[in-house]
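Novice:
2 protein chains.
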Amino acid sequence: MGTTQLETVPEPKYWHLKTVLSEALDTDFAVGEILPNERDLAARFGVARATLRQALEQLELEGRLQRRRGVGTTVAPPRVGVDVSASRSDWPGADQHAWQPTECTVAVPPAAVAAHLGTEPDERTHVVRRVRKGHDQPVAAELLYVPAASVPALPAIDAPSGPALARGVLRELARLEPEGQDRAVELGSAGAVDAKELDRLPGAPVLVVTTRYFAGGRTAAVSVATYRADTCRLTFGAQGDLEISHEEQRRAS
Amino acid sequence: MGTTQLETVPEPKYWHLKTVLSEALDTDFAVGEILPNERDLAARFGVARATLRQALEQLELEGRLQRRRGVGTTVAPPRVGVDVSASRSDWPGADQHAWQPTECTVAVPPAAVAAHLGTEPDERTHVVRRVRKGHDQPVAAELLYVPAASVPALPAIDAPSGPALARGVLRELARLEPEGQDRAVELGSAGAVDAKELDRLPGAPVLVVTTRYFAGGRTAAVSVATYRADTCRLTFGAQGDLEISHEEQRRAS
Numbered sequence: 438m439g440t441t442q443l444e445t446v447p448e449p450k451y452w453h454l455k456t457v458l459s460e461a462l463d464t465d466f467a468v469g470e471i472l473p474n475e476r477d478l479a480a481r482f483g484v485a486r487a488t489l490r491q492a493l494e495q496l497e498l499e500g501r502l503q504r505r506r507g508v509g510t511t512v513a514p515p516r517v518g519v520d521v522s523a524s525r526s527d528w529p530g531a532d533q534h535a536w537q538p539t540e541c542t543v544a545v546p547p548a549a550v551a552a553h554l555g556t557e558p559d560e561r562t563h564v565v566r567r568v569r570k571g572h573d574q575p576v577a578a579e580l581l582y583v584p585a586a587s588v589p590a591l592p593a594i595d596a597p598s599g600p601a602l603a604r605g606v607l608r609e610l611a612r613l614e615p616e617g618q619d620r621a622v623e624l625g626s627a628g629a630v631d632a633k634e635l636d637r638l639p640g641a642p643v644l645v646v647t648t649r650y651f652a653g654g655r656t657a658a659v660s661v662a663t664y665r666a667d668t669c670r671l672t673f674g675a676q677g678d679l680e681i682s683h684e685e686q687r688r689a690s
Numbered sequence: 438m439g440t441t442q443l444e445t446v447p448e449p450k451y452w453h454l455k456t457v458l459s460e461a462l463d464t465d466f467a468v469g470e471i472l473p474n475e476r477d478l479a480a481r482f483g484v485a486r487a488t489l490r491q492a493l494e495q496l497e498l499e500g501r502l503q504r505r506r507g508v509g510t511t512v513a514p515p516r517v518g519v520d521v522s523a524s525r526s527d528w529p530g531a532d533q534h535a536w537q538p539t540e541c542t543v544a545v546p547p548a549a550v551a552a553h554l555g556t557e558p559d560e561r562t563h564v565v566r567r568v569r570k571g572h573d574q575p576v577a578a579e580l581l582y583v584p585a586a587s588v589p590a591l592p593a594i595d596a597p598s599g600p601a602l603a604r605g606v607l608r609e610l611a612r613l614e615p616e617g618q619d620r621a622v623e624l625g626s627a628g629a630v631d632a633k634e635l636d637r638l639p640g641a642p643v644l645v646v647t648t649r650y651f652a653g654g655r656t657a658a659v660s661v662a663t664y665r666a667d668t669c670r671l672t673f674g675a676q677g678d679l680e681i682s683h684e685e686q687r688r689a690s
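Those sequence lines, one after another, are chains A and B.
Residue numbers for the first sequence follow our numbering, beginning at 438 and rising by one.
Residue numbers for the second sequence follow our numbering, beginning at 438 and rising by one.
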């Protein structure tokens with residue numbers, strides 16, 4: 438393994454190193470392969486260890502590397518596309534095999550959620566906790582806030598709690614006539630409970646998807662879902678038009 | 438300013454501190470206000486400075502705090518929603534006042550982009566650089582990859598470069614009949630050029646939006662846009678249904 442000296446460039450040194458490392462990952466390493474230790478890597482590329490560490494952090498942020506305790510730094514598989522398009526079939530309570538309800542409590546939602554729902558600042562709502570799986574891995578942890586007004590047929594607040602209540606809330610939500618939904622995506626950090634469900638450390642960067650579900654001329658429910666940012670890319674299908682698959686494009690060209 | 442001792446909780450200490458700090462930001466501080474220095478803050482909450490720093494990093498990730506050189510740590514304004522819905526009006530080259538073309542080069546796109554476009558690995562495409570502004574701030578920096586096949590009427594590869602070529606490519610793209618588009622959102626880090634255009638440091642976390650534009654039975658162009666993750670939340674409108682605005686919901690409820 439020879440020494441690859443970096444040319445002098447106007448970019449920060451770690452940034453250029455990141456680009457060089459990224460190319461090396463493509464050509465010299467396989468997915469899942471453990472990287473040499475920091476000292477060897479720093480020597481190979483002729484940089485200080487601090488510079489190397491910055492470059493490795495960038496590559497982790499971009500999903501190229503995974504750092505796992507007890508294993509070391511490995512080459513990450515490509516991120517998996519997770520469909521988060523808004524569609525009628527995605528209405529909570531409809532057949533959503535990807536989402537598993539795990540818990541339901543009754544609590545005051547965060548101020549931002551209450552503003553979306555139009556509930557009073559101290560008004561409690563049902564809070565259904567769900568986990569979304571993909572390829573047998575947890576990809577998202579969700580809190581679904583459902584005001585009592587959206588599920589009037591449900592027994593009052595002293596109903597059974599836990600998974601039974603979660604199923605009851607979802608069953609009632611599914612009876613509403615969907616009028617649409619919207620989504621917002623932003624950067625966040627994993628809370629302690631989410632982190633545990635997602636097999637991440639608390640504070641890890643996550644993609645937070647907030648969805649408003651509209652029915653009966655109002656916001657019937659608000660979902661705040663935390664997606665793993667290291668392994669997921671969120672996909673939104675073509676809107677109003679036929680989506681052309683990659684295979685179809687290849688055939689057409 | 439008294440000392441607020443934290444209760445003992447099973448969560449990591451910095452995580453609980455983050456929650457407490459977050460509430461303090463809501464009640465005790467105004468947007469733009471400079472936070473006390475780390476020593477004073479650590480004393481106020483009865484925590485070690487390392488714990489405080491971790492909590493501050495989390496709050497920065499969540500967009501609650503901004504760290505600016507020469508100013509210190511300030512309370513961030515709420516993130517601004519930036520509409521990234523796929524729609525016909527968003528076709529590149531159509532009237533997109535938010536996007537300003539700044540440059541155009543001819544280069545081999547990254548492998549992932551070439552795969553989307555169905556171009557040969559060493560095939561060069563037009564690369565239009567654009568900046569998206571919102572509220573007079575740059576919110577996104579974009580590279581738009583356009584193969585020669587999508588703009589056949591454009592003079593060959595030795596056409597004028599720079600903004601003139603960018604406008605030429607966009608004008609030709611606008612003549613295509615759009616057949617749809619799709620989007621993916623993922624976490625990334627700002628490259629040196631993007632960082633400069635976005636007024637961020639290289640390596641800052643960003644939201645990378647990759648869009649495929651379909652026309653003529655193929656992928657006519659691929660856009661890779663880097664959005665500021667600290668100030669932006671990406672919004673996707675209601676699909677196939679009427680979007681209900683917040684005001685309308687309030688009136689209806």
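Yeah, the Cβ is synthetic: ideal placement off N, Cα and C, and Gly gets one too.
Note that the structure is predicted; figures quoted are calculated from it, not measured.
Using only CA atoms, which one of B:475, B:522, B:662 lies nearest to residue 674 of chain B?
Specialist: The option with the nearest alpha carbon to residue 674 of chain B is B:522.
Novice: Nearest to residue 518 of chain B by alpha carbon, out of B:472, B:547, B:570, B:496?
Specialist: Per the Cα distances, B:570.
Novice: Please determine if the stretch 484–493 of chain A and the stretch 451–463 of chain A are in contact, where contact requires at least 3 C-beta pairs separated by less than 8 Å.
Specialist: A contact exists between the stretch 484–493 of chain A and the stretch 451–463 of chain A.
Novice: Let me know if residue 508 of chain A comes out buried or exposed under the rule of 16 or more other beta-carbons within 10 Å of its beta-carbon.
Specialist: Exposed, since its Cβ has fewer than 16 Cβ neighbours within 10 Å.
Novice: Where does the unbroken alpha helix (DSSP H) through residue 606 of chain B begin, and where does it stop?
Specialist: Residues 600–610.
Novice: Since residue 584 of chain B and residue 562 of chain B are thought to touch, with beta carbons under 8 Å apart, how far apart are those beta carbons, to the nearest angstrom?
Specialist: Rounded, the Cβ-Cβ distance is 5 Å, consistent with contact.
Novice: I'd like to confirm the pairing. Which residues does DSSP put opposite residue 570 of chain B in its beta bridges?
Specialist: The partner list for residue 570 of chain B (beta bridge, DSSP) reads B:575.
Novice: Please work out which residues of its chain come closer than 6 Å, Cβ to Cβ, to residue 503 of chain A, disregarding the five sequence neighbours upstream and downstream, and give them in chain order.
Specialist: Cβ within range, chain order: 511, 513.
Novice: Does any residue of chain B have a CB that is nearer than 8 Å to the CB of residue 672 of chain A?
Specialist: Residue 672 of chain A counts as touching chain B.
Novice: Taking the beta strand (DSSP E) that residue 513 of chain B belongs to, which residues open and close that run?
Specialist: Unbroken run through residue 513 of chain B: none, as it is neither H nor E.
Novice: Tell me the residue span of the beta strand (DSSP E) that contains residue 543 of chain B.
Specialist: Run containing residue 543 of chain B: 536–544, per the beta strand (DSSP E) assignment.
Novice: Distance, Cα to Cα, residue 427 of chain A vs residue 564 of chain A?
Specialist: Here chain A comprises residues numbered 438 to 690, so residue 427 of chain A is not present and cannot be evaluated.
Novice: Between the alpha carbons of residue 460 of chain A and residue 662 of chain A, how many angstroms are there, rounded?
Specialist: Their backbone Cα atoms lie some 33 Å apart in a straight line.
Novice: With DSSP as the reference, label residue 560 of chain A as helix, strand or coil.
Specialist: If DSSP states are grouped into helix, strand and coil, residue 560 of chain A belongs with coil.
Novice: Answer yes or no: does any C-beta atom of chain B fall closer than 8 Å to that of residue 486 of chain A?
Specialist: Judged by the 8 Å Cβ criterion, residue 486 of chain A is not in contact with chain B.
Novice: Quick one: Cα of residue 629 of chain A to Cα of residue 664 of chain B, how far?
Specialist: Using only the alpha carbons, I get a separation of about 27 Å.
Novice: Answer yes or no: do residue 546 of chain B and residue 610 of chain B have a C-beta to C-beta separation smaller than 8 Å?
Specialist: Not closer than 8 Å, so no.
Novice: For residue 516 of chain B, go through chain A and note every residue whose CB falls closer than 8 Å to its CB, in chain order.
Specialist: Those within 8 Å of residue 516 of chain B in chain A are 623.
Novice: Please report the distance separating the alpha-carbon of residue 640 of chain B from that of residue 632 of chain B.
Specialist: Cα to Cα, the separation comes out at about 8 Å.
Novice: Using a Cβ cut-off of 8 Å, pull out every chain B residue sitting near residue 626 of chain A, in sequence order please.
Specialist: Under the 8 Å cutoff, chain B gives 495, 498, 499.
Novice: Going along chain B in order, which residues have a C-beta closer than 9 Å to the C-beta of residue 644 of chain A?
Specialist: Going along chain B in sequence order, the residues near residue 644 of chain A (Cβ under 9 Å) are 622, 623, 624, 644.
Novice: Leaving aside the five residues before and after residue 520 of chain A along the sequence, list all residues of the same chain whose C-beta is less than 6 Å from its C-beta, in chain order.
Specialist: The residues are 672.
Novice: Answer with yes or no whether the minimum CB distance from residue 449 of chain B to chain A is below 8 Å.
Specialist: Interface residue, yes.
Novice: Go through its chain and collect everything with a Cβ distance to residue 498 of chain A's Cβ below 8 Å, but skip five positions before and after it.
Specialist: If we look at residue 498 of chain A and ignore the five residues flanking it on each side, its Cβ neighbours are 642.
Novice: Quick check: is the beta carbon of residue 605 of chain B nearer than 8 Å to any beta carbon in chain A?
Specialist: Residue 605 of chain B does not count as touching chain A.
Novice: Less than 7 Å between C-beta atoms, sequence neighbours within five positions excluded: which residues of the same chain meet that for residue 616 of chain B?
Specialist: So the list reads 651, 652, once near-sequence residues are dropped.
Novice: Of all Cβ atoms in chain B, is any one closer than 8 Å to the Cβ of residue 507 of chain A?
Specialist: So, not an interface residue.
Novice: From B:655, B:647, B:646, B:527, pick the residue whose C-alpha is nearest to that of residue 588 of chain B; which is it?
Specialist: Checked all of B:655, B:647, B:646, B:527; the closest Cα to residue 588 of chain B is B:655.
Novice: Taking 8 Å as the threshold (beta carbon to beta carbon), is residue 530 of chain B in contact with chain A?
Specialist: Answer no: the Cβ-Cβ gap between residue 530 of chain B and chain A never drops below 8 Å.
Novice: Closest Cβ-Cβ distance between residue 640 of chain A and chain B: below 8 Å?
Specialist: Judged by the 8 Å Cβ criterion, residue 640 of chain A is in contact with chain B.
Novice: Residues of chain B with a CB under 8 Å from the CB of residue 389 of chain A: which are they?
Specialist: The structure shown does not extend to residue 389 of chain A, since chain A spans only 438 to 690, so no value can be given for it.
Novice: How about residue 686 of chain B: is its C-beta nearer than 8 Å to some C-beta of chain A?
Specialist: Only weak support is given to the placement of residue 686 of chain B: the predicted model assigns it a pLDDT of 41, under 50, and the value that follows is read from those uncertain coordinates. By this cut-off, residue 686 of chain B is an interface position.
Novice: How about residue 591 of chain B and residue 660 of chain B: do their beta carbons lie closer than 8 Å?
Specialist: No. Outside cutoff.
Novice: Tell me whether residue 457 of chain A sits in a helix, a strand or coil according to DSSP, three-state version.
Specialist: In this structure, residue 457 of chain A counts as helix in the three-state DSSP scheme.
Novice: Within the continuous alpha helix (DSSP H) that includes residue 489 of chain A, where are the two ends?
Specialist: Where residue 489 of chain A is concerned, the enclosing alpha helix (DSSP H) stretches over 486–498.
Novice: Count the other CB atoms, across all protein chains shown, that sit within 10 Å of the CB of residue 468 of chain B; report buried if there are 16 or more and exposed otherwise.
Specialist: Exposed, because fewer than 16 other Cβ atoms sit within 10 Å of the Cβ of residue 468 of chain B.
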